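Below is one structure, written out as structure tokens; comments come after it.
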Amino acid sequence: MAELLQIKDLKVSVEDKQILKGIDLTINKGEIHVVMGTNGAGKSTLANAIMGNSTYTVDSGSIIFDGKDITEDAVNDRAKAGIFMSFQHPISIPGITVENFIRTAKSTITGENVRALSFKKELKEKMDELSFDTSYAQRYVNEGFSGGERKKNEILQMSILNPKLAILDETDSGLDVDAVRIVSEGVQRFHNEENAVLIITHHNQILQKLNPDYVHVLINGKIVKTGDASLVREIEEKGYDAYKALA
Amino acid sequence: MEERKKTQVADMDRGVYDIKNDFEYSYIADAGLTEDIIREIWSNKNEPEWMLEFRLKSLEIYNRMGIPNWIPDISGLDMANIHTYVKPKVDMKENWDEVPEEIKSTFDRLGIPEAEKTSLAGVGAQYDSEVVYHSIQEDLVKQGVIYTDIETALHEHEEIVKKYWMTLIPPTDHKWAALHGAVWSGGSFVYVPAGVQVDIPLQSYFRLNAPGAGQFEHTMIIVEEGAKLHFIEGCSAPKYDVSNLHAGAVELFVKDNATLRYSTIENWSKNMYNLNTKRCVVGKGGTIEWVSGSFGSKVSCLYPMSILNGEGAHAEFTGVTFAGEGQFLDTGCKVVHNAPYTTSNVNSKSISKSGGAAIYRGLLKIGPKAEHSKATVSCESLMLDAESQSDTIPAIIVENDNVDLGHEAKIGRISDEAIFYLMTRGISEEEARAMLVRGFVEPISKELPLEYAVEMNNLINLELEGSIG
Numbered sequence: 001m002a003e004l005l006q007i008k009d010l011k012v013s014v015e016d017k018q019i020l021k022g023i024d025l026t027i028n029k030g031e032i033h034v035v036m037g038t039n040g041a042g043k044s045t046l047a048n049a050i051m052g053n054s055t056y057t058v059d060s061g062s063i064i065f066d067g068k069d070i071t072e073d074a075v076n077d078r079a080k081a082g083i084f085m086s087f088q089h090p091i092s093i094p095g096i097t098v099e100n101f102i103r104t105a106k107s108t109i110t111g112e113n114v115r116a117l118s119f120k121k122e123l124k125e126k127m128d129e130l131s132f133d134t135s136y137a138q139r140y141v142n143e144g145f146s147g148g149e150r151k152k153n154e155i156l157q158m159s160i161l162n163p164k165l166a167i168l169d170e171t172d173s174g175l176d177v178d179a180v181r182i183v184s185e186g187v188q189r190f191h192n193e194e195n196a197v198l199i200i201t202h203h204n205q206i207l208q209k210l211n212p213d214y215v216h217v218l219i220n221g222k223i224v225k226t227g228d229a230s231l232v233r234e235i236e237e238k239g240y241d242a243y244k245a246l247a
Numbered sequence: 001m002e003e004r005k006k007t008q009v010a011d012m013d014r015g016v017y018d019i020k021n022d023f024e025y026s027y028i029a030d031a032g033l034t035e036d037i038i039r040e041i042w043s044n045k046n047e048p049e050w051m052l053e054f055r056l057k058s059l060e061i062y063n064r065m066g067i068p069n070w071i072p073d074i075s076g077l078d079m080a081n082i083h084t085y086v087k088p089k090v091d092m093k094e095n096w097d098e099v100p101e102e103i104k105s106t107f108d109r110l111g112i113p114e115a116e117k118t119s120l121a122g123v124g125a126q127y128d129s130e131v132v133y134h135s136i137q138e139d140l141v142k143q144g145v146i147y148t149d150i151e152t153a154l155h156e157h158e159e160i161v162k163k164y165w166m167t168l169i170p171p172t173d174h175k176w177a178a179l180h181g182a183v184w185s186g187g188s189f190v191y192v193p194a195g196v197q198v199d200i201p202l203q204s205y206f207r208l209n210a211p212g213a214g215q216f217e218h219t220m221i222i223v224e225e226g227a228k229l230h231f232i233e234g235c236s237a238p239k240y241d242v243s244n245l246h247a248g249a250v251e252l253f254v255k256d257n258a259t260l261r262y263s264t265i266e267n268w269s270k271n272m273y274n275l276n277t278k279r280c281v282v283g284k285g286g287t288i289e290w291v292s293g294s295f296g297s298k299v300s301c302l303y304p305m306s307i308l309n310g311e312g313a314h315a316e317f318t319g320v321t322f323a324g325e326g327q328f329l330d331t332g333c334k335v336v337h338n339a340p341y342t343t344s345n346v347n348s349k350s351i352s353k354s355g356g357a358a359i360y361r362g363l364l365k366i367g368p369k370a371e372h373s374k375a376t377v378s379c380e381s382l383m384l385d386a387e388s389q390s391d392t393i394p395a396i397i398v399e400n401d402n403v404d405l406g407h408e409a410k411i412g413r414i415s416d417e418a419i420f421y422l423m424t425r426g427i428s429e430e431e432a433r434a435m436l437v438r439g440f441v442e443p444i445s446k447e448l449p450l451e452y453a454v455e456m457n458n459l460i461n462l463e464l465e466g467s468i469g
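In order, the protein sequences belong to chains A and B. Reminder that position 101 of the first sequence reads as 101 in the UniProt record's numbering, one-by-one numbering, no gaps. Reminder that position 201 of the second sequence reads as 201 in the UniProt record's numbering, one-by-one numbering, no gaps.
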């Protein structure tokens, strides 16, 4: 299968404290990967480092995406290359409507002028799929949105921007059962043989719908074990303590 | 990792706003301020006798009044270098084709004929001191609406002008009100008879062009009982090395159950001292809505004031101020509640950048008679970098116990988190900043007529241009 993302011996620090201590990870097109682990293990750091958040400093190692070394690339260039991140806590942006925001993003990423009318239609379809009240298209991004609505908004953006790699950072956290189902279905619809999904989570709610190809256990900045979907059940039974010895 | 790019300010190209036109003047007053100059202006403008008395009395007040101690530094302003009156070599025109080419080309760049084409009811464009182009739709004339320059109004409607002349802003109010009273010239006059609803906005456009010319235009608007008007005032001035002074006066009279919306974008060149006074008195059940954008100028002191004298009168103020390098913009608004059941909402936003200072200075006064009044004041400031300055100085005076009052002030910066979020969606850092700033002022832009909202967005983009090095 075609290699999409290759992370080699990646070490990442936040404010002089090293969080990721040598990560190796390869994701091919068509795959769903899950990174599980305790709070503070470095899961979000991994997501942010792939996306290029400047709060996170890459000490060493490299990130290859679609055959190109992107370790030094600016965040927006990574987005244009096809990486998307769904935020754990999406912030609100006063004064910019959901519709304008996603349309601007789409035309920037595709480099094409996105026509207003056809975009409106596409947006409505995608919002309906997510049972997302279409009147929210005219509201300011995430302003006054509930936790669930914010996550739906992330998945909405993913489905319209259609990235090659979608990183879902704790997308299932803080959601009720229905919202998790809607979000999981959204990811299912998005996923195909040409793209890949990296799910970061510390519980398994979202995984009941999505069948991961690989599950990685991240403890103390290192991937200590990789397995197939059955590893999720194993973690559930044993707890993370069993893996700490491997770190 | 990529080296963090730093936001910095480059000298922006103010484009058409800084284009200086060569133009011949028929009469330029000597620089400085003396009784002789006042007499000269008066006789040149062929005004009634009482106006000379008024001008001379104002000069006397100006000479003995001091500069308030709380205002920003204006030591760069030297009255001896300011020409108080510059008359272009043309008389008023009602047809665009007759306007001289030099003036037309300036207005063309500012988009004035286009603005008119887009269904504005009238255009009174002021080139330096006098209105040179002016038109008003016929049906408004039929309804008795008077829209003309203030000089014409002084001749043709002398009784109305005299009755209201500087009653809201008396020369004794402050030093520049006195100066205005002494040397005023140009400006707009609008009279809307009782019950007449003017559905399309009236627009005027002011522009200063001669080096060292001061502009002291006077705007007088009277909206009679139950009538309605939207007036748009736009200003821009080219940039010069000599310090320029603007001390206009805007007097608005909103009668019982009448509504006036007064929208402005002031975009003075960055050597301008803008010491402008705007005031409105509102009768029973009447409404004044101010929409105000302050860009440009070196120093601005601008606090549009609403005096709610009639029961149930309402004032609404929506303002944005953008201060860049070398600018000190001290703006805000004043509301005085003098009658029961009066209401007011103030919503102010300011942006400061590259060492600029944007200060909100406001007064909210609720008098003893204003029982059951309701007032809210909300001020938000956005500082785009660490060198910039922002402050909120809201004075609130309440003189009765039966009042509902809300006040909120926020000072913030553009967060790295917000920029990161936008960048993960492919948007560049520069565009992300611009988007966040536009979003910040959106509640104001949506109150502006479309072409002005576009102009404000363009101004913001100009101000933010080249911020990534």
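Don't be surprised by glycine CBs; every beta carbon is placed ideally from N, CA and C. Since the structure is predicted, the reported quantities are computational estimates derived from the model, not experimental observations.
Exercise for the section: Return the residues of the stretch 422-436 of chain B that lie within a Cβ-Cβ distance of less than 9 Å from chain C, sorted by chain order. Expected result: Protein chains A and B are contained in the structure displayed, whereas chain C is not.
Handout entry: Short CB-CB distance (under 9 Å) between Gly418(B) and chain A
Key = As a first step, residue 418(B) must be located in the second sequence, where it is residue number 418. What sits at residue 418(B) in the sequence shown is Ala, not Gly. Yes, Ala418(B) counts as interfacial toward chain A.
Problem - Proximal residues to Lys117(B) (C-beta, below 6 Å), its chain only, five neighbours per side dropped - result: Residue 117(B) sits at position 117 when you count from the first residue of the second sequence. Because the pLDDT of Lys117(B) is 44, which lies under 50, any placement of that residue in the model is unreliable, and the number read from its coordinates should be weighed accordingly. The answer is none, since no qualifying residue turns up.
Practice task
Determine the direct distance from the alpha carbon of Thr26(A) to that of Leu5(A), and round the result to whole angstroms.
Solution key: Taking the first sequence and counting its residues from 1, one reaches residue 5(A) at position 5. Taking the first sequence and counting its residues from 1, one reaches residue 26(A) at position 26. Straight-line Cα distance between these residues: approximately 6 Å.
Practice task
Look at His203(A) and Lys43(A) and say whether their C-beta atoms are less than 9 Å apart.
Solution key: Here residue 203(A) corresponds to residue number 203 of the first sequence, with the count starting at 1. Here residue 43(A) corresponds to residue number 43 of the first sequence, with the count starting at 1. Contact flag unset, no.
Exercise for the section: Return helix, strand or coil for Leu4(A), following the three-state DSSP convention. Expected result: For the purposes of this step, residue 4(A) is taken as the residue at position 4 of the first sequence. Here Leu4(A) sits in strand by DSSP.
Practice task
Let me know the secondary structure DSSP gives Arg361(B) once reduced to three states.
Solution key: On the second sequence, residue 361(B) is found 361 positions in, with the first residue counted as 1. Strand.
Problem - Where Val192(B) sits in the DSSP three-state scheme - result: To locate residue 192(B), count along the second sequence from 1; it is residue 192. The answer is strand: DSSP assigns Val192(B) an E or B state.
Handout entry: Within chain B, the residues that Lys80(A) reaches when beta carbons sit closer than 9 Å
Key = Here residue 80(A) corresponds to residue number 80 of the first sequence, with the count starting at 1. The contacting residues are Gly426.
Practice task
Alpha carbon to alpha carbon, how far is Ser378(B) from Arg413(B)? Give it in angstroms, no decimals.
Solution key: For this step, residue 413(B) is matched to residue 413 along the second sequence. For this step, residue 378(B) is matched to residue 378 along the second sequence. For Arg413(B) and Ser378(B), the distance between alpha carbons rounds to 17 Å.
Handout entry: Burial state of Lys152(A) (16 or more Cβ within 10 Å)
Key = Against the first sequence, residue 152(A) aligns to sequence position 152. Lys152(A) is buried by the Cβ-count criterion.
Practice task
Step through the CB atoms of chain A and report whether any lies within less than 9 Å of the CB of Thr7(B).
Solution key: As a working note, residue 7(B) is residue 7 in the second sequence. Residue placement at Thr7(B) is poorly supported in this model, since its pLDDT is 31, which falls under 50; the coordinates still yield a value, given next. No, Thr7(B) does not count as interfacial toward chain A.
Practice task
Report the partner residues of Tyr147(B) according to the DSSP bridge assignment.
Solution key: Taking the second sequence and counting its residues from 1, the one referred to as residue 147(B) is at position 147. DSSP, once it has assigned bridges, lists Val190(B) as partnering Tyr147(B).
Practice task
Compare the C-beta of Val98(A) with all C-beta atoms of chain B and state if any pair is closer than 9 Å.
Solution key: On the first sequence, position 98 is the one that residue 98(A) refers to. No, Val98(A) does not count as interfacial toward chain B.
Handout entry: DSSP three-state assignment for Leu120(B), whether helix, strand or coil
Key = Taking the second sequence and counting its residues from 1, one reaches residue 120(B) at position 120. With a pLDDT of 43 at Leu120(B), under the threshold of 50, the modelled position of that residue is not reliable, and no figure is offered here.
Practice task
Check whether the Cβ atoms of Leu308(B) and Val282(B) lie closer than 9 Å to each other.
Solution key: The residue you call residue 308(B) lines up with position 308 of the second sequence. The residue you call residue 282(B) lines up with position 282 of the second sequence. Contact flag set, yes.
Problem - Beta-carbon contacts of Glu325(B) that lie in its chain and below 7 Å, excluding the five residues immediately before and after - result: Start at 1 with the first residue of the second sequence, and residue 325(B) comes out as number 325. Once the five neighbours on either side are set aside, the close Cβ partners of Glu325(B) are Val9, Ser354, Gly355, Gly356.
Practice task
Anything in chain B within Cβ reach of Thr108(A), meaning under 9 Å, just list it in chain order.
Solution key: Here residue 108(A) refers to the residue found at position 108 when the first sequence is read from its first residue. Arg425, Gly426, Ile427, Ser428, Glu431, listed in chain order.
Handout entry: Cβ pair count under 8 Å reaching 3, the stretch 98-106 of chain A against the stretch 67-75 of chain A
Key = no
Exercise for the section: Starting from the beta carbon of Met127(A), find every residue of chain B whose beta carbon is closer than 9 Å, and list them in chain order. Expected result: Translated into the one-based positions of the first sequence, residue 127(A) becomes position 127. The premise fails here: Met127(A) is roughly 17 Å from chain B at the closest Cβ pair, so nothing lies under 9 Å.
Practice task
Mind checking which residues open and close the beta strand (DSSP E) that includes Trp290(B)?
Solution key: The residue you call residue 290(B) lines up with position 290 of the second sequence. 287-296 is the extent of the beta strand (DSSP E) around Trp290(B).
Exercise for the section: Return yes when the Cβ of Ala137(A) is within less than 9 Å of the Cβ of Lys124(A), no when it is not. Expected result: The sequence position of residue 124(A) within the first sequence is 124, counting from 1. The sequence position of residue 137(A) within the first sequence is 137, counting from 1. Cβ distance < 9 Å, so Lys124(A) and Ala137(A) count as in contact.
Problem - Residues bridged to Cys379(B) [DSSP beta-bridge criterion] - result: The sequence position of residue 379(B) within the second sequence is 379, counting from 1. Note: Cys379(B) sits in a beta bridge opposite Ser348(B), Ala409(B).
Handout entry: Three or more C-beta pairs below 8 Å linking the stretch 414-423 of chain B and the stretch 241-259 of chain B
Key = no
Problem - Closer than 8 Å at the beta carbon, the chain A residues around Phe440(B) - result: Here residue 440(B) corresponds to residue number 440 of the second sequence, with the count starting at 1. Residues of chain A passing the Cβ test: Pro94, Gly95.
Handout entry: Identity of the residues DSSP links to Lys142(B) by a beta bridge
Key = Here residue 142(B) is taken as the residue at index 142 of the second sequence, counted from 1. In DSSP, Lys142(B) forms no bridge with anything.
Handout entry: Nearest-angstrom Cα separation, counted from Val75(A) out to Asp9(A)
Key = Here residue 9(A) refers to the residue found at position 9 of the first sequence. Here residue 75(A) refers to the residue found at position 75 of the first sequence. Cα-Cα distance, rounded: 21 Å.
Exercise for the section: Determine whether the Cβ of residue 512(B) lies closer than 9 Å to any Cβ atom of chain A. Expected result: Nothing about residue 512(B) can be reported from this structure: the residues present for chain B run from 1 to 469 only.
Problem - For Ser445(B), the three-state DSSP class (helix, strand or coil) - result: Locating residue 445(B) in the second sequence gives position 445, counting from the first residue. Note: Ser445(B) maps to helix in three-state DSSP.
Handout entry: Any C-beta of chain A under 9 Å from that of Pro443(B)
Key = Residue mapping note: residue 443(B) aligns to position 443 of the second sequence, counting from 1. Yes, contact with chain A.
Problem - Exposure of Leu175(A), with buried meaning 16 or more beta-carbon neighbours within 10 Å - result: The residue labelled residue 175(A) in the question sits at position 175 within the first sequence. Buried, because 16 or more other Cβ atoms sit within 10 Å of the Cβ of Leu175(A).
Handout entry: Spatially closest choice to residue 470(B) from Glu159(B), Val198(B), Trp176(B), Met220(B), by CA coordinates
Key = Any answer about residue 470(B) is impossible in this case: the structure gives chain B only from 1 up to 469.
Exercise for the section: Return the bridge partner residues of Arg279(B) from the DSSP annotation. Expected result: Working through the second sequence from its first residue, we reach residue 279(B) at position 279. Answer is Glu251(B), Met305(B).
Exercise for the section: Let me know the secondary structure DSSP gives Glu35(B) once reduced to three states. Expected result: The sequence position of residue 35(B) within the second sequence is 35, counting from 1. Glu35(B) falls in the helix class under three-state DSSP.
Problem - Contact list for Thr104(A) against chain B, beta-carbon separation under 7 Å - result: Here residue 104(A) corresponds to residue number 104 of the first sequence, with the count starting at 1. By Cβ distance, chain B contributes Ile427.
Practice task
Can you grab the Cα-Cα spacing for the pair Thr104(A) / Asn28(A), in whole Å?
Solution key: Taking the first residue of the first sequence as 1, we reach residue 104(A) at position 104. Taking the first residue of the first sequence as 1, we reach residue 28(A) at position 28. Approximately 29 Å between the Cα atoms of the pair.
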